[in-house]
Structure formats: structure tokens, C-alpha cells
Amino acid sequence: MRRARILVLPALSIAIAAAQTVDANKLLHPPPDAWLTYHGEYNGQRHSRLTQITPDNVARLALAWTFPTGQNQAIKASPILVDGVLYLTTPDNLWAIDARTGKQRWHYRHPANNAFHIGHRGAAVYKNTVYLTTPDCHLIAFNAEDGRKKWDVIVADSNKGYWSTNAPLVVGNHVLVGVSGDFDNVPGQLKSIDADTGKLQWTFYSTPPAGTPDSKSGGANPDSGGATGGQMWTTGTYDPVLNLVFVGTGNPTPVLNGAARPGDNPWTCSIVALNPETGKLVWGFQVSPHDTHDWDANEIPVLVDADFGGQPRKMLMQASRNGYFFVLDRTTGKNLLTAPFATVNWSKGIDSLGRPIPNAAKEPSRDGVLVAPMESGATNFRPPSFDPQTGLFLVSAQDGYGIYFFKPEHGGYGWAGADYNIAGKSFLRAIDYHTGRIVWNHPIGDGAGTAGVLTTDTGVTISGDNRTSVMALRTRDGATLWHQDIGHMENAPITYELDGKQYVLVAGGPSLYAFALP
Amino acid sequence: MIPSRRMSAKQALAIICAAMFIAGFVLAQAPKAAAAKKAAPPDPGQSPAARPHPKQATTEPYPAAQVQAGELRFVSQCGFCHGRDAAGGESGPDLTRSELVASDIRGDKIGPLVRAGRPDVGMPAFRVSDAELTSIVAFIHTQASKFATLSGGRRSVDAADLATGNAADGRGYFNGAGGCSGCHSATGDLAGIAMRYDALTLLERMLYPSGRPAPGRPNATVTLASGQTITGPLAAEDEFSVVVLDPQGARQTYSKDAVKVKIDDPMSAHFTQLGKYTDAEIHNVYAYLETLK
Numbered sequence: 013m014r015r016a017r018i019l020v021l022p023a024l025s026i027a028i029a030a031a032q033t034v035d036a037n038k039l040l041h042p043p044p045d046a047w048l049t050y051h052g053e054y055n056g057q058r059h060s061r062l063t064q065i066t067p068d069n070v071a072r073l074a075l076a077w078t079f080p081t082g083q084n085q086a087i088k089a090s091p092i093l094v095d096g097v098l099y100l101t102t103p104d105n106l107w108a109i110d111a112r113t114g115k116q117r118w119h120y121r122h123p124a125n126n127a128f129h130i131g132h133r134g135a136a137v138y139k140n141t142v143y144l145t146t147p148d149c150h151l152i153a154f155n156a157e158d159g160r161k162k163w164d165v166i167v168a169d170s171n172k173g174y175w176s177t178n179a180p181l182v183v184g185n186h187v188l189v190g191v192s193g194d195f196d197n198v199p200g201q202l203k204s205i206d207a208d209t210g211k212l213q214w215t216f217y218s219t220p221p222a223g224t225p226d227s228k229s230g231g232a233n234p235d236s237g238g239a240t241g242g243q244m245w246t247t248g249t250y251d252p253v254l255n256l257v258f259v260g261t262g263n264p265t266p267v268l269n270g271a272a273r274p275g276d277n278p279w280t281c282s283i284v285a286l287n288p289e290t291g292k293l294v295w296g297f298q299v300s301p302h303d304t305h306d307w308d309a310n311e312i313p314v315l316v317d318a319d320f321g322g323q324p325r326k327m328l329m330q331a332s333r334n335g336y337f338f339v340l341d342r343t344t345g346k347n348l349l350t351a352p353f354a355t356v357n358w359s360k361g362i363d364s365l366g367r368p369i370p371n372a373a374k375e376p377s378r379d380g381v382l383v384a385p386m387e388s389g390a391t392n393f394r395p396p397s398f399d400p401q402t403g404l405f406l407v408s409a410q411d412g413y414g415i416y417f418f419k420p421e422h423g424g425y426g427w428a429g430a431d432y433n434i435a436g437k438s439f440l441r442a443i444d445y446h447t448g449r450i451v452w453n454h455p456i457g458d459g460a461g462t463a464g465v466l467t468t469d470t471g472v473t474i475s476g477d478n479r480t481s482v483m484a485l486r487t488r489d490g491a492t493l494w495h496q497d498i499g500h501m502e503n504a505p506i507t508y509e510l511d512g513k514q515y516v517l518v519a520g521g522p523s524l525y526a527f528a529l530p
Numbered sequence: 026m027i028p029s030r031r032m033s034a035k036q037a038l039a040i041i042c043a044a045m046f047i048a049g050f051v052l053a054q055a056p057k058a059a060a061a062k063k064a065a066p067p068d069p070g071q072s073p074a075a076r077p078h079p080k081q082a083t084t085e086p087y088p089a090a091q092v093q094a095g096e097l098r099f100v101s102q103c104g105f106c107h108g109r110d111a112a113g114g115e116s117g118p119d120l121t122r123s124e125l126v127a128s129d130i131r132g133d134k135i136g137p138l139v140r141a142g143r144p145d146v147g148m149p150a151f152r153v154s155d156a157e158l159t160s161i162v163a164f165i166h167t168q169a170s171k172f173a174t175l176s177g178g179r180r181s182v183d184a185a186d187l188a189t190g191n192a193a194d195g196r197g198y199f200n201g202a203g204g205c206s207g208c209h210s211a212t213g214d215l216a217g218i219a220m221r222y223d224a225l226t227l228l229e230r231m232l233y234p235s236g237r238p239a240p241g242r243p244n245a246t247v248t249l250a251s252g253q254t255i256t257g258p259l260a261a262e263d264e265f266s267v268v269v270l271d272p273q274g275a276r277q278t279y280s281k282d283a284v285k286v287k288i289d290d291p292m293s294a295h296f297t298q299l300g301k302y303t304d305a306e307i308h309n310v311y312a313y314l315e316t317l318k
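First to last, the protein sequences are chains A and B. Just so you know, this note's numbering puts 351 at position 339 of the first sequence, and the rest follows in order with no gaps. Just so you know, this note's numbering puts 317 at position 292 of the second sequence, and the rest follows in order with no gaps.
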């Protein structure tokens, strides 16, 4: 019976295809009334060309509607918008919401499971299908119109310590799905799933299990002393001209026990460029060789085509959790710039490849070492934005310290050590990508920031502070133009134009808020 | 006018409830904890800091099915902050070493906390049924008992691990280059400090005082448009407003548009110091503090 339904579905979907189709071309050129991927566009800039909201009128933004999820956990996702419908996620939940009224159209709740529910980044869309990852590592395809389940596949074994928070990236008919898992020594894997059928197309291992081709790390073989980990839990970016997908990889495991995995442990804490058709590695750049501080390099690899050092360049920029800002040539993976953007005390300098050189004295020790940044990082999952008008890279940054411990009794499995955050102060920080110079610094409070950043062509930046405010800043100098108390922000805002009106969508705690000019 | 206002009111209520609860807890527990430490002097050769796991008030076993149900709920609802094993995560404390958990009897302390949340430190209030709560409590206690029996296990930091510094050098730094004696005194506020905290907590609080008991709050001076000046402990601050406790302990919020605010934060010296310390200096000062019994 289930089979019969699957066979019937394509016929049914033809009728609504005209209204719902998100094809490859639309993903490459998103219209103003859409936000089709986690980042809005493949380049990950989170920069909108919409111009209705300006520095002069942003102070008049007013609430259009709210959507309370009724969940305990804050919304960490960016909603997807297609054909007037928003798709919003939290762990185990997917809602379709009318973007004009904020009213629910349908809701899917995944069965209770004991996988890690740390957060969820968002859904993905292609044709008339919405894709959701779940904490227990399912990838589920839904009919966008009514939420009927089309198929449900398992991308990793949650019983082995994997979970998923991932907003998938759709490239052609590839749904790229990442997972998390650094409490167990499991290989880092990114899977490409056929958008129509749910069939596995390829797997890229950042730490290939021993015996698989291209194993560079020693993989999961306990005899090799090699690293595992390097999970790809955030959404990558895509360059259609180079036909390359760029993804950040997470920390190695065991996490704090570096002695168990000597060497650089590629491709953990790295940016990797993959061929989306095959999953083959084209190049890799390691931002934290031999990480021992849980500093995933999963921060968004933002793609920028602009001048660097007097030449037009195809660049990739990342403000990484380890406190360094990197500019790479994304054709080759060669480093153009490495500069700290937050307080760092763990490196002895930069090597000839542009990688920070870890100082062995700052590896976790029996009696503890004070390390900057702390575990939560100089930045983290919250997405940055690149403003092409000013050339500023805007990121929520933290100057902070943690204390790190490791002793052989902690063993070589999972965390394998102990670490504690001591203190931190957060800022929205504007980086000049040519030099790494901090152009302005806007304090947002103590502790780690959690709000992502959005910029628009009119010079408006939307983000949040560490308490309960969403804020609009002037991109040029970081001056505050508007703020509204909505609860703690843990997502990145999005914007779109519907019926001639520009909306800003942002989550405060477990509720979604839509703002527009009156 | 907008729902967020209503939410703010709800949040405020939650904050008040949580504050009342925490205050009640601190008042109720503090003398008892102090008395317990006085009544049971540890082996003189052993620092009181060497007691990593507080003794559980109740060690009754819970049915396996209940623990299992609790684990399911804990991992999915609490694990993102407290770790899926309850032994601490990126933003939430290790519950297996928690004094509150240790003194809890079948959820009498954990229950109200879970339902009220701790908005001041970012813990939301959870809506859970009595059965769910009981299972969560069962899981947390089971984990606390399990971790207490592990010696040198993962995550553990023992007093002996931290005892690598030179107390005399630490004293020199404290009174000299470190500038600690500008605010602190070994015979004043820090007298007996080593008796008050376990080893790891002492080290953490030395680096940056936080947690409970709360360090002294910064002092805020608010000058109103009328010229009137209000001084009190700072409860919260952001770019737009400042919240000051009045003499009754109630939170008074002032918009920064309308007032002038001056904040005297003694903790800022600790933050600055984090950028100056070498690891050797940290361990030396810690060794010195460990002598203040």
C-alpha cells in the first residue's frame, strides 16, 4: 500500500508543480519573495538586495505577526520561504506557516527519541518537497503542500553517537546532509541523497575509516592512534561556476586528548571543497591543525567575488571558532589572509600555508591551562554576513577564556578530558577582509553571543544582543538604529518581499516574529 | 501592545519565581552546608578541596524502567546544556557534582527548579508532567551515584591534579605583580577561602568569580532627569536599559535614554587579569589560596 502511494505521488504533484517548483535555476537566482536555502543564497553572504527598509526608516519597523512554537527550546533555525509559505524547524518539529499571516498550515512532529536535541538549523526545499533532518539522523521528505511524508531514510546510526541538526544543502538533485557527534569516536561524514528517491549517492568522510580510500587521518581504527570526528553539521556553500561545494568540518575525537591522535588530523577543523557529483575532495584547508579545544571549523564558508591585493579574486572567507579570520582563494584553497578577530593565546604564529601553529603548552593538561578562546569559541554556529557595499564581514565574536584539563586517566574515548568556560564578553564585529582589521566593535553583552547577522543593500545590519533584543545597526559604523525586546535570539534573521512589503523575520526564544514598515 | 510585552511580563514573573526559589534555597541550605563542614573536619592531611562529589542526601535506587524513561527525556530536553550524561555540557553545569542535586530528595529541589527555570542564567522553564519529572529526577540521581563511584574518570579534576603551584611565589604575585591585594586580603575577605570551596571551584572562582554563592554584584549609580541619584546593586544591563535592585530587593528598570548610568564593576579587574596571567602564575596563586584555611 505504501508503495502504491509513492507511485501515485508524482502524478499528483504535477498539478501543483507550477506553483511550488523550486528548480536548480531558482536556487541559483532566488527571487525577492523567497528565502530558498538556509543562507538565502548559495554564497552564504546573508546579504539581501531589498531596499525598502533603510537606515532612515528602520526605526519604524513594527510587528506584523508572531508564531509561537510552544517548544521549550529556542529557535536556532533560519526559516525557508517559498511561494508564500515558511518552513520552520526545531528538533523533531517542522511547521509550514502562512508567510502573510503567521498561521500554521501543517505541522510534523517526529517520534520521541533519545538522540541529542542540541538544536536545529532549518529545512531545505527542492521541487515540491521539503526536507527535514531529525536528531536521530533521519532525512525525511515531505510534500510541501500538505506535509504528507514521501520517504524517510536513515543517514547515520544515532545509537553510535550521531545526531543531526543540519539544514541540508540542495545542489542539483543532491541533498547534502551532515551529522554531528563528538561524544563518541565516530568518523565524520557528509552524505549526498537523491532528492527524488532518497537513495544514497555518495559519502564524503572527513576522517575516513581505516581501509576506505583516501584515508588520511587513520580513521576509526583504534590501532592506528588516528583521529575520528570532523563532523559537518552546518550548511555549506556552493559555487556553480567552479561546481564546488564548500563545507566546514568539526573537531577531532577524542576531543581533548591530543596525544591519542598525533599529527594534524586532516580533515578535521578544516574547510573542504567537494565535487557535488562525486563527493570527491578537490582541496582542503585546515584552520586548526591538531585541535585539542573543540573548535569546530563549521562556521559558514562565505563566498565573495571581489578585489584582493589589487586583483579580482574568487574568495572564501571564514571567521572561525578558533579566533582567526581566514581568506582563501576558493579555486585552489590557497590562503590569502589569516588574522585574529578575537582574543587568542593558543598559537605560536602562522605557518607558511597560512595555518595557525598550535602552542603545545596550551594543550589541555592535568593541572589546567587557561585558553582563549573558550570552548564555545570566538564565534560559533551563528551565521555571519558579508556586506558587498562596504566590504565588511560582520560576525558575532567573543573575547573569552576557558580552562582545559586532560590526564591519561580520562582515556581516549569521546570527550577524554574536562573543560570549563571562565568568562567572556561578546561583540558584533566588522572585519575589513583586505587586512583583517576590526573596523568597528559593538558590545552585545557578557558570555557567548547566539544571534546571526543579516545585511541589506541599504546599509542596514540586523542581529541581536545577548539579552532579549533584536537590533538594527548601521552597517558602515555599527550605530544602533532600532531595537525591540523579543526574547533571546539564537537564530539568524532573514528578509524577503511579499505583496510589495519587505519583511524581517527573526526568532526570539521559541517564537518567530515578522517585522515590516507600517 | 505586542505579544513580546506579554512574554516579558511572563519572563519577569518567571525570574521573580526563580529568584525567590533560589534565594529560599540559599537561605535554607547555606547554614546547613556550613554546619556540615564544621561538624565533619576532613583528614588534616587532606584538603577539604579533595571532596569532589557531594554526598547524596538519598541514595535510594530507582526502578530501571523509570531511569530509562528519564534518560530519554533528559537527553532530549536537558542534554543540550547539561550533557547527555548529566555531567555538564557547553552551557550547563555538571549535575553529578551539584550541591542542589545532592541535597534533593525525590525531586523536592530539582522539581521546582525545572518548572521555574533559571532565566537569570539562561535556563528556560520546562513544562513536564509529574511522571516525566519523576523519571528525570531518577535519571539525574542515578547518574550522580554512578559518577561518584568513578575515580579519575572522564571529566574529573581532582585536588591533587591542581596542586602543582608554589604557594610562596603565588603569595608574592598576589601581593605584587598580580595586584590582587588591591582588592583582596588573606586575613579579610579571603580568610578561610580554601575551606569554602572544592578545588576546582576555588580555581574557577579565583579566575573569575561566578556561580553560587553569587559574587558581589557591580554597583550601579543612576542619575534621573530630575537630578536625583539612585545607587544599588546591578541586576542586569544591556545597551538599552539597566536593572537595579532597590533597598527591598525588587528589580527597578531604567531606560538608558532617560537616565545617566555609571557602573562600578569590581569583576572587570578579574577579566583583565585573565589576559595577563601565565599558567604558572595561575597555579601559584591557586596554591597560595589553598593555604588560606
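In this text, a Cβ means the ideal position worked out from N, Cα and C, and glycines have one as well. Only a predicted model underlies this, so the values are computations on that prediction, with no experimental measurement involved.
At the 9 angstroms Cβ level, is residue i part of the contact set with chain B, yes or no?
| i | result |
| --- | --- |
| V381 (chain A) | yes |
| E289 (chain A) | no |
| P530 (chain A) | no |
| H422 (chain A) | yes |
| T507 (chain A) | no |
| P147 (chain A) | yes |
| F439 (chain A) | no |
| F297 (chain A) | no |
Check the DSSP bridge columns for residue i and list the partner residues they point to.
| i | result |
| --- | --- |
| E306 (chain B) | For E306 (chain B), which the question treats as bridged, DSSP gives no partner whatsoever. |
| Q496 (chain A) | A:V482 |
| P324 (chain A) | A:D319 |
| W77 (chain A) | A:A526 |
Spatial neighbours of residue i within its chain, please: CB distance less than 7 angstroms, with the 5 preceding and 5 following residues excluded, ordered by chain position.
| i | result |
| --- | --- |
| D497 (chain A) | T480 and S481 |
| Y313 (chain B) | A192, G195, R196 and F199 |
Here's the rule I'm using: 16 or more other beta-carbon atoms within 10 Å means buried, otherwise exposed. How should residue i be labelled?
| i | result |
| --- | --- |
| I130 (chain B) | exposed |
| V253 (chain A) | exposed |
| R133 (chain A) | buried |
| T256 (chain B) | exposed |
| S160 (chain B) | buried |
| K301 (chain B) | exposed |
| T224 (chain A) | exposed |
| S364 (chain A) | exposed |
| K162 (chain A) | buried |
| D186 (chain B) | buried |
| Q116 (chain A) | exposed |
| Q273 (chain B) | exposed |
| S371 (chain B) | With chain B covering only 26 through 318, there is no way to say anything about residue 371 (chain B). |
Cβ of residue i less than 9 angstroms from any chain A Cβ?
| i | result |
| --- | --- |
| G300 (chain B) | yes |
| D186 (chain B) | yes |
| S123 (chain B) | no |
| P88 (chain B) | no |
| R140 (chain B) | no |
| V143 (chain B) | Val is not the amino acid found at residue 143 (chain B); the sequence shown has Arg there. Not closer than 9 angstroms to any Cβ of chain A, the Cβ of R143 (chain B) fails to qualify, so no. |
| F172 (chain B) | no |
| D304 (chain B) | yes |
| V284 (chain B) | no |
Which residues in the same chain have their Cβ closer than 8 angstroms to the Cβ of residue i, if we skip the five residues on either side of it in sequence?
| i | result |
| --- | --- |
| Q168 (chain B) | D110, A111, A112, L120 and T121 |
| Y515 (chain A) | A76, A111, T507, Y508, E509, A526, F527 and A528 |
| G403 (chain A) | A318, D444, Y445 and H446 |
| A409 (chain A) | A331, F353, A354, A390, T391, S438, F439, L440, R441 and G461 |
| G457 (chain A) | K437, S438, D477, N478 and R479 |
| H295 (chain B) | L232, Y233 and P234 |
Residues in the same chain with beta-carbon distance under 6 angstroms from residue i, minus the five sequence neighbours each way, listed in chain order, please.
| i | result |
| --- | --- |
| F164 (chain B) | V92, G95, E96 and F99 |
*asked:* Report the start-end ranges of each alpha helix (DSSP H) in the segment 154-180 of chain A that is 4 residues or longer and not cut off at the edges.
replied: none
*asked:* Runs of 3 residues minimum, wholly inside the segment 238-280 of chain B: which ones carry the beta strand (DSSP E) assignment?
replied: 244-248, 254-262, 266-270 and 276-280
*Where in the segment 183-218 of chain B do unbroken runs of the alpha helix (DSSP H), each at least 4 residues long, occur, reported from the N-terminal end onward?*
184-187 and 192-200
*Those runs of the alpha helix (DSSP H) which lie wholly inside the segment 439-474 of chain A and span at least 4 residues*: none
*Going along the chain, which unbroken runs of the alpha helix (DSSP H) with 4 or more residues stay wholly within the segment 90-152 of chain A?*
none
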